[in-house]
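Once you know that position 235 of the sequence shown is 1685 in the working numbering, the rest is easy, because the numbers rise by one and skip nothing.
Here a beta-carbon is modelled for each residue, glycine too, at the ideal position from N, C-alpha and C.
Quantities reported herein were computed from a predicted structural model and do not represent experimental measurements.
Below you'll find the structure, written out as structure tokens, and then a few comments.
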Amino acid sequence: MTSPLFSSVNWQTLFVNVNLATMSEGSAGYGVVENAALAVSDGKIAWLGKATDLPPYDKDSVAVIDGDNQWLTPGLVDCHTHLVYGGDRANEFEMRLEGKSYEEIANAGGGIVSTVSATRKASEQSLFETALKRLTALHQQGVTTVEIKSGYGLDVDNEIKMLKVAGMLGKTLPVTIKRTFLGAHALPLEYKDKPDEYIDLVCNEMLPKVAQEQLADAVDIFCEGIGFNLAQTERVFMCAQALGLPVKIHAEQLSNLGGSELAAKYNALSSDHIEFIDEVGISAMKQADMTAVLLPGAFYFLRETQLPPVDLLRQHQVPMAIATDANPGSSPINNLQLMLNMACTFFRLTPVEALAGVTCHGAKALGLSSAKGQLAVGFDADIACWDIKQPAELCYQFGVNPLVTLFKAGKRVL
Ligand code: NIG
Ligand code: FE
């Protein structure tokens, strides 16, 4: 008999015989629900809980998926990437092995600006094709949301070209793409010794155009000795704020310029890298409700030795996200599962913290904390199904992909 209060009437999909690592706010640890069920309606999670608590449902209108005791997590979020770029930097990898440092290579005209010249030469189509391969690799590991930065164009047309390619990627694969304008990533050669004039270009031409054409969701800057100073950073933040765009920052990667503290004054979404941040910066981040984005791939690939101050971040309860930083120079890595492992081995995050880093906290770093990164009622039904016996396995092993199926907005995409 159908009751008028029949709560499952609109469910399209129901997972049964599954275990959940909900990663939901307010629940301890992974937010585990074993012997669970989860229902999807209109692309959102409509119900979840113990299978024994399932309300009556209409077996004829719901597609029931028997999960065979798999674990379900939120689709993973890679909240910091530079996936769109031309060329590669394998030659600089060799140079570094022959004794040159990342900074020496950058100062000698290599580094970011060498990727800039390859990116400028590349057509939209070829940038799209190479980035699609990288995004596909992430997607096949259970990633359903990816942030992509510009920053290898460094002139109006090429920055816009990169952002458009990032937008095309989101229309091609079932992955939510958040675009970040990183015009102030490095000084292009034509502005050598004229950083303030380049910041004029960023603020007066690039940013208004990017905002007007709605090509970006946020604005980032590389605040560093080999990037831009605090005054230049503040100019970009002021301009972004005036245009209504949230900001974030690459800061304290190689030295401490106080970038995170400045970013906090502008209510930035996140400060990223932060190996050299101090307690003043961390406390400012907490006050501004920012997320710390830790990037173990860049730490590993640059053979850094300064660890991010994880204990202080914990003490101040600053949420920590983990991301690939996928880029050709400092983190040529398209593997978020490997980052889970490295966050634990290098940074001593617990597996719970690492998994939160690529789910709820990754979503928070993108301003998506009410829609993505948690298995919770009302959240997008972006769901990864894993052949594992416990959630810690996702951090423990690497090189074997335990993803079984992937759902985006409730539809099976892998
Ligand atoms: O996040 N720090 C600046 N940007 C990138 C490096 C980009 C590159 O070397 O091409 C990073 O590590
Ligand atoms: Fe980066």
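For residue i, the three-state DSSP class (helix, strand or coil)
i	result
E1702	coil
S1567	helix
S1511	coil
P1801	helix
K1628	strand
G1731	helix
L1504	coil
A1738	coil
G1549	coil
R1862	strand
G1694	coil
N1654	helix
N1899	The question about residue 1899 has no answer, for the chain in this structure spans 1451 to 1864.
F1796	coil
K1659	helix
A1556	helix
T1755	coil
L1790	helix
D1646	helix
R1685	helix
Y1641	helix
N1460	coil
N1785	coil
Other residues of its chain near residue i: CB distance less than 7 Å, five sequence neighbours each side excluded
i	result
A1581	L1533, V1534, V1615, L1619
A1486	V1468, N1469, L1470, L1498, G1499, K1500, A1501
S1780	Y1552, A1748, F1751, L1752
E1803	M1770
M1735	S1710, A1714, S1721, A1742, V1768
I1724	A1701, E1702, S1710, A1742, P1758
L1763	I1732, A1742, M1770
Which residues DSSP lists as bridging residue i, in chain order
i	result
S1819	The partner list for S1819 (beta bridge, DSSP) is empty, contrary to what the question assumes.
I1833	P1524, F1857
K1494	S1491, D1830
C1673	F1678, A1701
V1466	D1516
A1471	V1482
A1668	T1630
V1447	The first residue shown for the chain is 1451 and the last is 1864, placing residue 1447 beyond what the model contains.
G1499	A1487
Residue span of the alpha helix (DSSP H) that contains residue i, given as start and end
i	result
F1749	1746-1751
T1809	Per DSSP, T1809 belongs to no alpha helix (DSSP H) and is neither H nor E.
S1710	1709-1715
I1610	1606-1622
C1845	1843-1846
Q1765	1760-1765
Extent of the continuous beta strand (DSSP E) to which residue i belongs
i	result
E1429	The structure shown does not extend to residue 1429, since the chain is modelled only from 1451 to 1864, so the question has no answer here.
R1584	Taken as a continuous stretch (DSSP letters only), R1584 belongs to no beta strand (DSSP E), being part of the alpha helix (DSSP H) at 1574-1589.
V1596	1593-1599
I1772	1770-1772
D1722	1720-1723
Cβ neighbours of residue i in the same chain (closer than 6 Å, five flanking residues each side left out)
i	result
S1474	G1481, Q1824, A1826
F1687	V1697, Y1716
N1777	H1532
K1858	T1594, P1624, D1832
K1628	E1597, D1667, L1816
A1634	V1652, I1671, F1678, V1686
T1626	T1595
L1504	A1487
V1850	none
I1838	W1521, P1852
Cβ-heavy atom distance, residue i to the ligand GDP, below 7 Å
i	result
N1777	What this structure holds is the ligand NIG and the ligand FE, not the ligand GDP.
Spatial neighbours of residue i in its chain, beta-carbon cut-off 8 Å, leaving aside the 5 residues before and after
i	result
V1512	S1458, W1461, Q1462, T1463, L1464, A1489
D1865	Limits of the chain in this structure are 1451 at one end and 1864 at the other, which puts residue 1865 out of reach.
A1878	Summary: the structure shown does not reach residue 1878, with the chain confined to residues 1451 through 1864, and so no result is reported for it.
Per the contact definition of three or more C-beta pairs closer than 8 Å, is the segment 1742-1755 in contact with the segment 1558-1567?
no
Taking contact to mean at least 3 C-beta pairs separated by less than 8 Å, is the segment 1539-1554 in contact with the segment 1512-1524?
no
May I ask you to verify whether the segment 1805-1816 touches the segment 1850-1864, counting CB pairs closer than 8 Å and requiring at least 3?
no
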